[in-house]
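Following the UniProt record's numbering, the numbering of the sequence shown begins with 1 at its first residue and continues without gaps. Structure first, then comments.
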Amino acid sequence: MFKPRSTQRQTINYRNSILQFEPAKLGVQHKSSLRLEDLDIQCLVPNIDNFHFNILVVDDMMQKQLVVVVEILKYHNLIKEYDIPLDTLCQFLSEVEYKYNKKNNVFHNYDHGISVMQNVHAILLQLHQTNNSSILSLFNQIALLLSGLCHDVSHTGRTNTFEINSLSNLAIRYHDRSVLEQYHAAKSLKLLCVPNTNILQSLKSEEFRKFRRIFISNILYTDITEHFNLIKNFETKILEQNFGSQDEDIKLLSGMIIHTSDFTGGAKQFELSKQWSFKVNKKFEQQYELEGKLGYPQLPYMKDLNNLSVMAKQEAGFFKFIVRPLWQSMSKYLDNRLQKQVEYLDEKIQKWEEIANSE
Numbered sequence: 001m002f003k004p005r006s007t008q009r010q011t012i013n014y015r016n017s018i019l020q021f022e023p024a025k026l027g028v029q030h031k032s033s034l035r036l037e038d039l040d041i042q043c044l045v046p047n048i049d050n051f052h053f054n055i056l057v058v059d060d061m062m063q064k065q066l067v068v069v070v071e072i073l074k075y076h077n078l079i080k081e082y083d084i085p086l087d088t089l090c091q092f093l094s095e096v097e098y099k100y101n102k103k104n105n106v107f108h109n110y111d112h113g114i115s116v117m118q119n120v121h122a123i124l125l126q127l128h129q130t131n132n133s134s135i136l137s138l139f140n141q142i143a144l145l146l147s148g149l150c151h152d153v154s155h156t157g158r159t160n161t162f163e164i165n166s167l168s169n170l171a172i173r174y175h176d177r178s179v180l181e182q183y184h185a186a187k188s189l190k191l192l193c194v195p196n197t198n199i200l201q202s203l204k205s206e207e208f209r210k211f212r213r214i215f216i217s218n219i220l221y222t223d224i225t226e227h228f229n230l231i232k233n234f235e236t237k238i239l240e241q242n243f244g245s246q247d248e249d250i251k252l253l254s255g256m257i258i259h260t261s262d263f264t265g266g267a268k269q270f271e272l273s274k275q276w277s278f279k280v281n282k283k284f285e286q287q288y289e290l291e292g293k294l295g296y297p298q299l300p301y302m303k304d305l306n307n308l309s310v311m312a313k314q315e316a317g318f319f320k321f322i323v324r325p326l327w328q329s330m331s332k333y334l335d336n337r338l339q340k341q342v343e344y345l346d347e348k349i350q351k352w353e354e355i356a357n358s359e
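Pasting the structure below:
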């Protein structure tokens with residue numbers, strides 16, 4: 001059971017810890033070694049424990065990205081608890097990075113995966129300061145953090161709607177239901193079935209099957225079609241003061257945490273958040289153009305996003321009606337500990353509306 005820590009970050013002894021990884025699929029022919037004992041984590045990766053974290057300042061430094069993931073897992077005592085070999089962890093992360101970035105997606109890439117994992121981490125730190133600090137076991141926490149990291153692995157760069165309209169192999173395989181989410185979960189879990197990337201090799205068969213169920217459930221909650229039902233069910237639980245430690249309650253809470261965390265720029269201040277906004281809208285712009293060429297149905301919200309006024313209007317509406325309710329509900333459950341993030345959302349909505357009206 002998790003015991004809340006001091007708010008001051010503990011110094012982790014990395015003496016003699018050397019992480020080696022070989023991202024050969026990325027064209028790197030030599031092994032890289034990372035001596036963690038020589039690193040000042042807060043200097044290398046500022047704000048790793050809060051919502052000001054910015055992966056974009058380290059996105060060209062694969063070793064630094066590695067440090068982010070290792071440090072988060074170490075903070076929650078998960079590497080020790082599950083006896084995760086560091087060399088296996090490095091190989092696992094190398095494969096995850098490769099699968100994320102091989103298509104050069106502008107938004108759904110390794111940066112996004114790490115950012116979502118870090119958002120989960122930051123929310124967990126807030127949870128640990130409430131009366132519900134022990135509601136999520138270490139088992140639930142490692143499943144949640146790894147779900148956040150891997151939730152978009154091997155993303156095609158298109159939406160589920162595109163996959164379905166194009167009758168893609170994935171849409172056919174998954175019968176048009178949460179097509180990409182099922183694919184991401186399957187690709188990630190496959191890595192845990194290979195010895196040199198199985199970071200959960202200490203789990204017994206029954207434990208791994210349980211992990212698999214939780215992991216899949218978490219990732220399926222990132223499907224936007226689950227959004228309104230998720231909030232409704234979560235709000236009902238809060239209103240009825242009926243949140244317990246039953247499996248269904250844990251499933252709902254985990255789903256809410258990962259879905260909230262998935263909106264990478266949601267908790268950020270405007271200047272950082274807008275970088276993610278431009279990235280995701282670039283993706284939509286590319287898809288809209290491709291759909292036009294192929295004669296597929298085109299969604300109105302993807303139209304004319306190269307026009308800043310149009311994009312700003314879309315962003316204002318998205319943050320107001322989709323993202324803000326998530327963070328508000330999450331904050332309510334966490335004794336209003338995320339109200340600063342809700343305030344940032346209000347500021348973003350106002351700024352995007354101002355941009356939309358000024359163009």
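We treat Cβ as the ideally placed atom computed from N, Cα and C, and that holds for glycine.
- Selection GLY317, GLY295, ILE322 evaluated against THR222 yields ILE322 as nearest (Cα-Cα).
- Setting aside the 5 residues that flank it on each side, TYR333 is surrounded in the same chain by ILE238, each with a C-beta closer than 7 angstroms to its C-beta; the list follows chain order.
- The C-beta separation of LEU145 from HIS121 comes to about 7 angstroms, placing the pair in contact by the 8 angstroms criterion.
- Around GLN314, the same chain offers ASN281, TYR301, LEU305 as residues with beta carbons nearer than 8 angstroms, after the five sequence neighbours per side are excluded.
- In the assembly as shown, GLU240 is an exposed residue. Its beta-carbon has fewer than 16 other beta-carbons within 10 Å.
- Taking the C-beta atoms as reference points, TYR296 is found nearer than 7 angstroms to ASN165.
- Relative to the Cα of SER115, the nearest Cα in the group HIS184, ASN50, SER202, GLU248 belongs to ASN50.
- Counting only runs of 4+ residues, the alpha helix (DSSP H) found wholly inside the region 293-334 occupies 308-318, 324-333, in chain order.
- In its chain, beyond the 5 residues on either side, PHE51, GLN341 have a beta carbon closer than 6 angstroms to the beta carbon of ALA267.
- Per DSSP, reduced to three states, the secondary structure at ASP87 is helical.
- Under the three-state reduction of DSSP output, GLU163 falls in the helix class.
- In this structure, the alpha-carbon of PHE215 lies about 6 angstroms from that of ALA143.
- GLU206 sits exposed, since fewer than 16 C-beta atoms from the chains shown fall within 10 Å of its C-beta.
- By the criterion of a C-beta distance shorter than 7 angstroms, GLN287 is surrounded in its chain by ARG158, THR159, PHE162, MET302, once the five residues flanking it on both sides are discounted.
- Taking C-beta atoms as the reference points, SER137 and GLU235 fail to come closer than 7 angstroms.
- Cβ-Cβ separation between HIS184 and ASN105: approximately 12 angstroms, too far for a contact (criterion under 8 angstroms).
- When C-beta atoms of the region 226-233 are compared with those of the region 246-259, three or more pairs fall below 8 angstroms, so the two segments count as touching.
- With contacts defined as CB atoms closer than 7 angstroms, GLU95 and THR260 fail to qualify as a contacting pair.
- In this chain, GLU240 is not harboured by any alpha helix (DSSP H), its DSSP state being neither H nor E.
- By the neighbour-count definition (other C-beta atoms within 10 Å, threshold 16), GLU354 is an exposed residue.
- The region 95-137 is shown to contain no whole beta strand (DSSP E) run of 3 or more residues.
- Take ALA171, set aside five residues on each side of it, and the residues of its chain with a beta-carbon closer than 6 angstroms to its own are GLU163, ILE164, VAL179, in chain order.
- By the Cβ neighbour-count rule, ARG209 is exposed, with fewer than 16 other Cβ atoms within 10 Å of its own.
- Looking at the backbone, the Cα of HIS108 and that of LYS190 are separated by about 20 angstroms.
- Taking C-beta separations shorter than 6 angstroms and ignoring five residues to either side along the sequence, the partners of LEU220 in its chain run SER178, GLU181, following chain order.
- Less than 7 angstroms divides the Cβ of GLN118 from the Cβ of PHE53.
- Between LEU192 and LEU203, the CB-CB gap reaches or exceeds 7 angstroms.
- A check of alpha carbon separations from GLN350 across SER331, LEU338, ARG324 identifies ARG324 as the nearest.
- Taking 4 residues as the minimum length, the alpha helix (DSSP H) runs contained wholly in the region 158-244 are 160-165, 169-173, 179-191, 205-220, 227-239, in order along the chain.
- A distance of 7 angstroms or more separates the beta carbons of VAL69 and LEU86.
- Shown here, ASN357 sits in a helix according to DSSP, grouped into three states.
- Straight across, the Cα-Cα distance linking LEU308 with ALA356 is about 7 angstroms.
- With fewer than 16 other CB atoms across the displayed protein chains lying within 10 angstroms of its CB, VAL194 is exposed.
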